[in-house]
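Its first residue numbered 10, the sequence shown is counted upward by one per residue in the working numbering.
Even for Gly, the Cβ is constructed at its ideal location relative to N, Cα and C.
One structure is given here, and the rest of the page talks about it.
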Amino acid sequence: MNFCLSDLVPPLRWSDAATILAGRAGLPDAWWRSLPMGRVLPAFGVDALAELLTDLTLERWPAAAVGDVLPALHVLDPDDADDPQVGIALDRAGSWPGLLALTGRELTEQPFVKARPLLAALYSAVLTKLAATGAPSRPAVEPEPEAPAEEPYETRAALKAPYRAPFETKARAEEPAVADTPEEADDEPAGPPTGPPVAPVVPQPRLTGDDDPDFPELIDRVFASLDDQSWMVAQNRVFTDSPTSPESLSKLLGVPASLIEVTENTLRARLKEWLASPPAARYRGYLLSLTDLLGVAAPKSRLVNAAEWHTRELPSLDVLAWQFVLATLPGYQVSGDWVVQGDLAELHERTRGLIVNADRPPTVSRALELVSSLGIHPEVAKEWLENVPQLRIQSPNGAAPAPAAPAAPPPGPSDVSQTHRCFRQPDGRWWLRVDVDAGHLAGTSVGLPEGFALYLGLSPGGERTVRSAAGDVTMTWRESPAIDSLGRILSEVAAKEGSHIFLTLSDEGMLRVRHLPAANSGDTIARALRLVGYTAPGGNSDQADRVIATRIGLTGPTPPDELRARLRERGDRDLLSLLG
C-alpha cells in the first residue's frame, strides 16, 4: 500500500495536522503524507488509528461531513460497519448517504446517537477492510471530498467495471490502453507517406543512457519532509501557474500574510540551492534540453507533453510534475495558454513590429520566417501568429489583408462566488448545478455561466476537452461557453427531467459529476438546501441560512437580509422563492 494517510483522509492535505500528528515514536516527520499505509497500519493498529481520526473529526474538523473526512466510506458496504451505534445513526439519518452527509458537530447533536463510538466504528470498518486487502496502490476511487451526499457517479461507474479490490490502483497503473483517439493513433506510423511532406516531429527532451535518474523520485526525496504550512505554500505559491495571493492563503491557514511570504522565500531559496547542487546536475541538463524544445514561446501543452513523467503527480508536493518543471525553468512563465520566456506583452509587440516594419505586407509563409528570428520554433509559429492581438497577415493569393476580427466580448464576472447556480462544497471547489431538462437528456449542449467557465480555465474563443468517467467531454466558448453534451453521463446516472447534476473539475482535469434526483415534495427548507447540494436530514431556517451563505462564499455571521440580497445579485431566484 504505497498511498499515505492524507490520500485516504483529504482534510489532512489542507489542515495544520502537525500539532497533533508530529512526534509519534518510530515515525518520520510528516508521516501522514509520506509514509505508506502499509507501514502506518502496523505502527498504530486499526483501532488506535480509527480513534485518532475520530479525535480529528470532532475536535479539528467538526464542520466537515463524515463522507468528506473519509471518502472511502462511500464505497463501503454498510453491513461491514456492523455496530449498534451505526444502526441507530442510520435510523436517524434515513440512508447511508444521509449519514455520511452529517458533520461531526451534527452527529453530536443527534438524539440517541453517540458520535465518538459511531465514528470509531465507521473508520475502523474502512481501515479493517484496507488492512485485509493489502492492495498495492491507491484507492479505486480517488479520495476526493464529495459534494452532494448521493453516492458519487464515478464510484458507481467503477463498481460496474471488472472487479478490483476496494483499494486497488487506478487505471493509470494498469497496462497502457490501445490508442483510440487521433492524437494517440498518430504515434503509430501508418506506412510510407503518400501526401505532401510534413514538418518533422521535434524529438522530446529525454536523457539517454541506462543510468538516467528517476526525476520524480529525485524531487520527492528533496521535498518529502516539508511541514504542512510549507507544503501548502509550495502548492499554492511556488509550483503553480495560477498562484493564490498571500492574503487569501493567510486566511486559510490562520497566519499573517507576512509569514506566508517568509515561507515562500525560504522555499524558493531551498529550491535554488538544490538546483545548484551536484545531485541536480542531470536535472539541470534536462532543463537545458527543454528550453531548446520550447524556444522563447510555446503552447503550454508542449511543456505538459514534453515527457511522459511531466503528467505524473509528485506525491511529496501533490502537484503535477510539469508544474515543478515550470517553476525551475529559468525566465519562463505561463501567460494564458502559452509558456513564454520573458514578458508576453513585449514579445507580442516585437512580433507586430516585425510584421509592420517589413518592406511590404508579408504573406503567411514570410511571416512564419520572420517570427522564427525571435526564437519561436517553426512548428508553433503559425499558432503564435494567430494568437498575437491586433495582427493581420497578407493572404497567400496576395489579396488585401482581411479586416481584423472583432475583439472578443469582455468576459462575465470572474468571481465565481457571484455566479448563478455555483456553490462551494466542503472540498473547497466550486460546483455548478445544472437543472436537467429534456434537451439535456437528448444530448443538446449545456450552457455554462461565464464566471464558472472562467473558473474552469476556459476563455472566450477557447476549447477544452476533459476526461470523465463516461469518456471525453468538450467545453467550448464561441458565442457563449457551453459543454457540447452530457447525454452519455445523464444516461449513465439515470437522470430524469427536473433532477440536478453538479459539475466541477478535479485538480487533474477530470470532470466530476454528482447526481441528485428531483425533490418536488417536502418542506421548502429541505428543497432549498438540496439546490445547493446539501442533503442531510432535518434543519431549520437558521441552519439553512448558514449553509447557503457558506456555499455561496459568504464568511462569518450573515444576516438574512444580506444573504437574500446576495442571492438576488447572483440571480438565484429559485432559492429566494423557497427561503421566503
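{"Item": "Ends of the beta strand (DSSP E) at residue 454?", "Value": "It is not in any beta strand (DSSP E) - residue 454 carries neither H nor E in the DSSP assignment."}
{"Item": "Can you tell me whether residue 265 is helix, strand or coil according to DSSP?", "Value": "coil"}
{"Item": "Check the Cβ-Cβ distances between residue 446 and every residue of chain D, and say whether any is below 8 Å.", "Value": "Given the protein chain composition of this structure (a single chain), no chain D is represented."}
{"Item": "Where does residue 360 land, buried or exposed, given buried means 16+ other C-beta within 10 angstroms?", "Value": "buried"}
{"Item": "Answer yes if the segment 456-474 comes into contact with the segment 557-573, meaning at least three C-beta pairs across the two stretches below 8 Å, and no otherwise.", "Value": "no"}
{"Item": "Can you say whether residue 474 is buried or exposed, counting buried as having 16 or more other CB atoms within 10 angstroms of its CB?", "Value": "exposed"}
{"Item": "Among residues of its own chain, excluding the 5 on either side of residue 234, which ones have a beta-carbon nearer than 8 Å to its beta-carbon?", "Value": "37, 38, 39, 43"}
{"Item": "Any idea which residues DSSP pairs residue 519 with across the strands?", "Value": "476"}
{"Item": "Using the Cα positions of residue 55 and residue 35, report the straight-line distance between them to the nearest angstrom.", "Value": "17 Å"}
{"Item": "Indicate whether residue 456 and residue 489 have their beta-carbon atoms separated by less than 8 Å.", "Value": "yes"}
{"Item": "Straight-line CA distance for residue 1 to residue 381?", "Value": "Lying outside 10 to 589, the shown extent of the chain, residue 1 is not represented and no answer is given."}
{"Item": "Out of 364, 368, 68, state which residue places its alpha-carbon closest to the alpha-carbon of residue 397.", "Value": "364"}
{"Item": "For residue 470 and residue 482, I'd like the C-alpha separation in whole angstroms.", "Value": "17 Å"}
{"Item": "Rounded to the nearest angstrom, what separates residue 270 and residue 255 at their Cα positions?", "Value": "7 Å"}
{"Item": "Opposite residue 498 in the DSSP bridges: which residues?", "Value": "Note: residue 498 sits in no beta bridge, so no partner."}
{"Item": "Just checking, does the segment 504-511 make contact with the segment 69-77 on the three C-beta pairs under 8 Å criterion?", "Value": "no"}
{"Item": "Helix, strand or coil for residue 121? Go by DSSP, reduced to three states.", "Value": "coil"}
{"Item": "In terms of residues, what are the limits of the alpha helix (DSSP H) holding residue 399?", "Value": "Neither: residue 399 is in no alpha helix (DSSP H) and is coded neither H nor E."}
{"Item": "Rank 243, 306, 301, 250 by C-alpha distance to the C-alpha of residue 276 and give the top, closest one.", "Value": "243"}
{"Item": "For a minimum of 4 consecutive residues, which ranges assigned as the alpha helix (DSSP H) are wholly contained in the segment 285-316?", "Value": "290-303, 309-313"}
{"Item": "Count Cβ pairs between the segment 85-92 and the segment 59-71 that sit closer than 8 Å; are there 3 or more?", "Value": "no"}
{"Item": "For residue 48 and residue 137, what's the separation of their Cα atoms in angstroms?", "Value": "14 Å"}
{"Item": "Apart from the five residues on each side of it in sequence, which residues of its chain come closer than 7 Å, Cβ to Cβ, to residue 229?", "Value": "323, 324, 325"}
{"Item": "Rounded to a whole number of angstroms, what is the C-alpha to C-alpha distance between residue 307 and residue 87?", "Value": "51 Å"}
{"Item": "Any idea what DSSP makes of residue 429, helix, strand or coil?", "Value": "coil"}
{"Item": "Grab me the residues of residue 553's own chain with a C-beta within less than 8 Å of its C-beta, minus the 5 sequence neighbours each way, in chain order.", "Value": "534, 537, 538, 588"}
{"Item": "Could you tell me whether the segment 314-322 touches the segment 330-347, where touching means 3 or more Cβ pairs closer than 8 Å?", "Value": "yes"}
{"Item": "Leaving out five residues before and five after residue 140 in sequence, what residues of the same chain have Cβ atoms less than 8 Å from its Cβ?", "Value": "50, 55"}
{"Item": "Just to confirm, is the Cβ distance from residue 95 to residue 116 under 8 Å?", "Value": "no"}
{"Item": "Drop a sphere of 10 angstroms on the beta-carbon of residue 121, count the other beta-carbons inside from all chains shown, and report buried for 16 or more, exposed for fewer.", "Value": "exposed"}
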